[in-house]
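Asker:
Protein chains: 2
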Amino acid sequence: MSVSEQIQFPLPESAIPTHWVNLLADLPGEPLPPLHPATKEPLGPDDLAPLFPMALIGQEVSAEPEIEIPDEVRDVYRLWRPTPLLRARRLERALDTPAHIYYKYEGVSPAGSHKPNTAVAQAYFNRQEGVRKLATETGAGQWGSALALACQLFGLECEVFMVGVSYDQKPYRRAMIEAWGGTVHRSPSELTEAGRSQGEHDSGSLGIAISEAVEVAAGSEDTNYTLGSVLNHVCLHQTVIGQEAIAQLELAGEYPDVVVGCVGGGSNFAGIAYPFLRANLRDGKSTRFVAAEPSACPTLTRGVYRYDFGDTVGLTPLMPMYTLGHDFVPPPVHAGGLRYHGDAPSLCALVKEGLVEPRAIHQTSAFEAAIRFARTEGIIPGPEPAHALRAAFDEAEAAREADEERVILIGLSGHGHFDMSAYEAFLGGELTDLEFSQAEMDAAIERLPEAPVPG
Amino acid sequence: MSVSEQIQFPLPESAIPTHWVNLLADLPGEPLPPLHPATKEPLGPDDLAPLFPMALIGQEVSAEPEIEIPDEVRDVYRLWRPTPLLRARRLERALDTPAHIYYKYEGVSPAGSHKPNTAVAQAYFNRQEGVRKLATETGAGQWGSALALACQLFGLECEVFMVGVSYDQKPYRRAMIEAWGGTVHRSPSELTEAGRSQGEHDSGSLGIAISEAVEVAAGSEDTNYTLGSVLNHVCLHQTVIGQEAIAQLELAGEYPDVVVGCVGGGSNFAGIAYPFLRANLRDGKSTRFVAAEPSACPTLTRGVYRYDFGDTVGLTPLMPMYTLGHDFVPPPVHAGGLRYHGDAPSLCALVKEGLVEPRAIHQTSAFEAAIRFARTEGIIPGPEPAHALRAAFDEAEAAREADEERVILIGLSGHGHFDMSAYEAFLGGELTDLEFSQAEMDAAIERLPEAPVPG
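As you go down the protein sequences, you meet chains X and L in turn.
Per my numbering, residue 1040 is the first one in the first sequence, and the count goes up by one each step.
Per my numbering, residue 1040 is the first one in the second sequence, and the count goes up by one each step.
1. At least one CB of chain X closer than 8 Å to the CB of isoleucine 1046 of chain L: is that the case?
2. Quick one, which residues of the segment 1281-1293 of chain X are near chain C if we go by CB-CB under 8 Å, in chain order?
3. Return the CA-CA distance between aspartate 1442 of chain X and alanine 1408 of chain X, expressed in angstroms with no decimal places.
4. Between valine 1395 of chain X and leucine 1386 of chain X, how many whole angstroms is the CB-CB distance? I'm expecting something under 8 Å.
5. Should the segment 1462-1477 of chain L be called in touch with the segment 1275-1294 of chain L, which here means at least 3 C-beta pairs below 8 Å?
6. Proline 1420 of chain X and leucine 1451 of chain X: beta carbons closer than 8 Å?
7. Please list the residues of the segment 1269-1281 of chain X that have a C-beta atom closer than 9 Å to any C-beta atom in chain L, keeping them in chain order.
8. Tell me, please, which residues DSSP counts as bridged to isoleucine 1106 of chain X.
9. I want to know whether the segment 1364-1371 of chain L touches the segment 1254-1271 of chain L - three or more CB-CB distances under 8 Å.
10. From L/Asp1135, L/Ala1160, L/Glu1099 and L/Pro1104, pick the residue whose C-alpha is nearest to that of valine 1115 of chain L; which is it?
11. In chain order, which beta strand (DSSP E) runs of at least 3 residues are fully inside the segment 1371-1451 of chain X?
12. Measure from the alpha carbon of threonine 1177 of chain L to the alpha carbon of each residue in L/Leu1134, L/Leu1245 and L/Arg1132, then state which is nearest.
13. Of all Cβ atoms in chain X, is any one closer than 8 Å to the Cβ of alanine 1133 of chain L?
14. Using C-beta distances below 6 Å, list every residue in its chain close to arginine 1378 of chain L, excluding the 5 sequence neighbours before and after it, in chain order.
15. With 8 Å as the limit, tell me which residues of the segment 1048-1073 of chain X have their beta carbon closer than that to any beta carbon of chain L; keep them in chain order.
16. Please decide whether glycine 1220 of chain X counts as near chain L, where near means a Cβ-Cβ distance under 8 Å.
17. Take threonine 1326 of chain L as the anchor and find which of L/Leu1071, L/Arg1445, L/Ile1249 and L/Glu1251 has the nearest alpha-carbon.
18. Which of helix, strand or coil does DSSP assign to phenylalanine 1465 of chain X?
19. So, alanine 1179 of chain X versus lysine 1209 of chain X, is the Cβ gap smaller than 8 Å?
20. Can you round the beta-carbon distance between proline 1067 of chain X and valine 1279 of chain X to whole angstroms, since I take them to be within the 8 Å contact cut?
21. Roughly how many angstroms lie between the CA atoms of glutamine 1237 of chain L and leucine 1173 of chain L, to the nearest whole one?
22. Which one or two residues does DSSP pair with histidine 1139 of chain L in a beta bridge?
23. Report the residues of the segment 1183-1201 of chain L with a CB closer than 7 Å to any CB of chain X, ordered along the chain.
24. Quick one, which residues of the segment 1413-1437 of chain X are near chain L if we go by CB-CB under 7 Å, in chain order?
25. What residues from chain L crowd round glutamate 1410 of chain X, counting only those whose CB sits closer than 8 Å?
26. Let me check one thing: in DSSP terms, what residues is aspartate 1347 of chain L bridge-paired to?
27. Helix or strand or just coil, what does DSSP make of alanine 1218 of chain X?
28. Suppose you measure from the CA of glutamate 1436 of chain L to the CA of proline 1424 of chain L; what does that come to, to the nearest Å?
29. Give the interface partners of phenylalanine 1308 of chain X over in chain L, defined as CB-CB distance under 9 Å, in chain order.
30. Would you list the one or two residues that DSSP bridges to glutamine 1181 of chain L?
31. Tell me whether tyrosine 1294 of chain X sits in a helix, a strand or coil according to DSSP, three-state version.
32. Starting from alanine 1331 of chain X, follow its DSSP beta bridges and name the residues at the other end.
33. Which residue wins for smallest C-alpha separation from glutamate 1168 of chain X, given the options X/Ala1330, X/Phe1193 and X/Gly1258?
34. Does arginine 1225 of chain X get closer than 8 Å to chain L when you measure Cβ to Cβ?
35. Note down the Cα distance separating phenylalanine 1164 of chain L from glutamine 1191 of chain L, rounded to an integer number of angstroms.
36. Would the beta-carbon of valine 1329 of chain L be found less than 7 Å away from any heavy atom of the ligand NAP?
Written out as structure tokens, the structure reads:
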């Protein structure tokens, strides 16, 4: 079998990256600072100290281009990293495209997604500073399960506030958190002030679950808070994905013309894209970057670029980002991991500069692409990366029309084993495209907090 | 990182085996033939022709030591093979054992288990002989989903009769079959004589589902029947697992003192063990082999060695095997894939000769081992390989008592993502050990068919 016919490009475990890529160091100008929610002044490290360990606060504002990965973290990464990069030859034939399509698959992690890449790092740095317990929120359960695993491996307790409606509808993700030794509470709970105050809002929301986890962390000396996306240090930890992909594509003798990933809070997209973006900025490469988001929650394509809260209640710092308004409640699309009103400030800045192209995808066309992928490449993708697949198929179609052998790299962030009810709904013709309301958006903008408008 | 600290032993795709290992060719003496269910005479190829393609019938009785894997089958294997072999260093430390524990993980296949190894081969050979559709039964859904995927990749239709109670309780596996383009019927169905005859037995059984699938295949010119375990050609196709493990352990500079696998119908066990068994027979190696089965369905440890039917109704040929009686209904243990009254004749012969040691495992102790594995190695195992883990832990304990650096290889046949309700029950203290009744066994023996007693 010649190299040109290969579909797998395996790396030895010695090829697991030794550093994370901090793209911020390569961007021109100073990044806009987060602002204190009350004073609207730039946030200092001390403001974050009750919630995060100093090492992560340092990473959050670091100007170093690379940050070393501790041996203890790489030692855990070895359980599933390097993750596979495959060439999708069957898919290429099915799409009748001259494009070379590659996918980097994070679904082989124990939790089935990219989330453990940062969960492990966050658990490690908290442990290093003597923290005994981590509190967090989870929507569909991907982040909560990843953090439970990471806490177990580093001997930390893990307390997860799970959005009520998911807690009731997704008992399997809940059981996964418990199998890894985590404690799960249905949110809103009776355990916190924030939870007790909710009264009739019994089904919960990510915003309320965040408030509960923050309250638990802030109220205890040896408990910290963790977040699964959005923040700089979270995006940073995910860059192992793109770095491995560069090495694997080199084995294949290729370099991507376009990199496609889905965006919820932005950490998955950062993971696959930022190492390639650095190559654009440093080495004059001209890769394009496509960020796929749901049409029903179109933060990057329809939101406004403003300072806004990270949570619904308004407890978090103000961040400069595209936002649909902190109190926007996305419709119940099945890609639970993509239902967020804002996005990582670093990614938003890249979109604003025109370095990343956002693309809004309807969920039925995402599932259509997912089924096609499953029937050619075998893997049943999660509903979130299904959005990236749809965008990649459009790129493959464009390559066919241009009759060009373009190289497309897809970030396939996780499998869909816990989302089969969504597939059932799609195959049964019960899935609809939930529309975004511009009127609702306009009203949400009116409710944005008073703050400087980012330049 | 020195080789001695490695945990992964990745092979390039070029290392996917080119041949399947037919252990029968190396066993002393002639294998006992299956018998016609009516005449009790040895079965000829013509008897099987209505159900199977000639290529598979040939493999079923082949005396060749190796059978070439067609390029088209290897081409599909490349989507997930070679599968990972990892050294379980975290587990070793947790067990405080001098043993070196390795696991070969088949959960990375698109269906999450070893089943696609044979599904792909069976779909290919059927397609080669002009078959248009494959019919099969499935219990928990692992086999049905694997066959749906394989049929999709080779352009065949796939019709799955799913045991009624599983159809109702496991909609996610059902959705998986449909995502890959298969058709699923709740069994007993109205589509077959066998189904319609069931009347009040509405919850169904594997035996009834087999009868329905066989009836559909026998009644149609262009439809064949497929089985996911037990038969020689099925065990044969799984030997890619053990062959890869040999190559990977060689990279690690090791050779197993003991190989441990779980047994339902026997094909998973054959897959990991037969290539090593051949090395015992040919090259004077002295590896031990431990076959783990549920205490509630103790075919190899408590059954009798006799000719018996493969199904409940008595439509299949009589096979020489350990059996609990063809009408034995195993209690509802959560390892759905291990609930079978008999076992592969080839494996039974090896147990009879003392070449394989059977071990009965209670399900609570299997889940206890699974949780320990999940909390050290990350992977949440299926309830079936959890039985193998328990047996392997006992081997590790023995190595500690003997203070010997024994090498233990575990066949980890699949993940537990679709079995989280079983974990929930275990963690909630609701799982009990279902007892096997000797009285029931004695009565079942009385109902065995009249046939020669195998020597």
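Cβ coordinates follow ideal geometry from the N, Cα and C atoms, glycine included.
Answerer: For this structure:
1. Isoleucine 1046 of chain L counts as touching chain X.
2. Here chain C cannot be found, since the structure's protein chains are X and L.
3. In this structure, the alpha-carbon of aspartate 1442 of chain X lies about 22 Å from that of alanine 1408 of chain X.
4. Contact between valine 1395 of chain X and leucine 1386 of chain X holds: their C-beta atoms lie close to 7 Å from each other, under 8 Å.
5. Too few Cβ pairs lie closer than 8 Å, so no.
6. In this structure, proline 1420 of chain X places its C-beta atom within 8 Å of the C-beta atom of leucine 1451 of chain X.
7. Residues passing the 9 Å Cβ filter: none.
8. Note: isoleucine 1106 of chain X sits in a beta bridge opposite X/Trp1059.
9. A contact between stretches requires three or more CB pairs, one per stretch, nearer than 8 Å, and the segment 1364-1371 of chain L fails this requirement with the segment 1254-1271 of chain L.
10. Of the candidates L/Asp1135, L/Ala1160, L/Glu1099 and L/Pro1104, the one whose C-alpha sits nearest the C-alpha of valine 1115 of chain L is L/Ala1160.
11. Counting only runs of at least 3 residues, the segment 1371-1451 of chain X fully encloses the following beta strand (DSSP E) elements, listed from N- to C-terminal order: 1396-1400 and 1446-1451.
12. If we check each option's Cα against that of threonine 1177 of chain L, L/Leu1245 comes out closest.
13. The beta-carbon of alanine 1133 of chain L is placed no less than 8 Å from the nearest beta-carbon of chain X.
14. So the qualifying residues of the chain are Cys1336 and Pro1369.
15. Residues passing the 8 Å Cβ filter: Pro1049, Leu1050, Pro1051, Glu1052 and Ser1053.
16. Chain L places a beta carbon closer than 8 Å to that of glycine 1220 of chain X, counting this residue as a contact.
17. Out of L/Leu1071, L/Arg1445, L/Ile1249 and L/Glu1251, L/Arg1445 has the C-alpha closest to the C-alpha of threonine 1326 of chain L.
18. Three-state result, phenylalanine 1465 of chain X: helix.
19. The Cβ atoms of alanine 1179 of chain X and lysine 1209 of chain X lie closer than 8 Å to each other.
20. The C-beta separation of proline 1067 of chain X from valine 1279 of chain X comes to about 25 Å, leaving the pair out of contact by the 8 Å criterion.
21. Here the alpha carbon of glutamine 1237 of chain L sits roughly 23 Å from the alpha carbon of leucine 1173 of chain L.
22. Looking at the DSSP assignment, histidine 1139 of chain L forms a beta bridge with L/Val1446.
23. Residues passing the 7 Å Cβ filter: Leu1188 and Gln1191.
24. Residues of the segment 1413-1437 of chain X whose Cβ lies closer than 7 Å to any Cβ of chain L, in chain order: Ala1413, Arg1414, Glu1416, Gly1417, Ile1418 and Ile1419.
25. The amino acid at residue 1410 of chain X is misidentified as glutamate; the sequence shows isoleucine. Correct list: Ala1218.
26. Beta-bridge pairing links aspartate 1347 of chain L to L/Met1358.
27. Correct three-state label for alanine 1218 of chain X: helix.
28. About 18 Å.
29. Residues of chain L passing the Cβ test: none, with the nearest at roughly 24 Å.
30. DSSP lists no partner for glutamine 1181 of chain L.
31. DSSP, reduced to helix, strand and coil, places tyrosine 1294 of chain X outside both helices and strands of the structure shown, so it counts as coil.
32. Per DSSP, the beta-bridge partners of alanine 1331 of chain X are X/Cys1301 and X/Arg1398.
33. Distance from the Cα of glutamate 1168 of chain X is smallest, within the candidate group X/Ala1330, X/Phe1193 and X/Gly1258, for X/Phe1193.
34. Chain L contact via Cβ: absent.
35. Within the model, the alpha-carbon separation for phenylalanine 1164 of chain L versus glutamine 1191 of chain L is close to 14 Å.
36. Only the bare structure without any ligand can be found here, which leaves the ligand NAP out of the picture.
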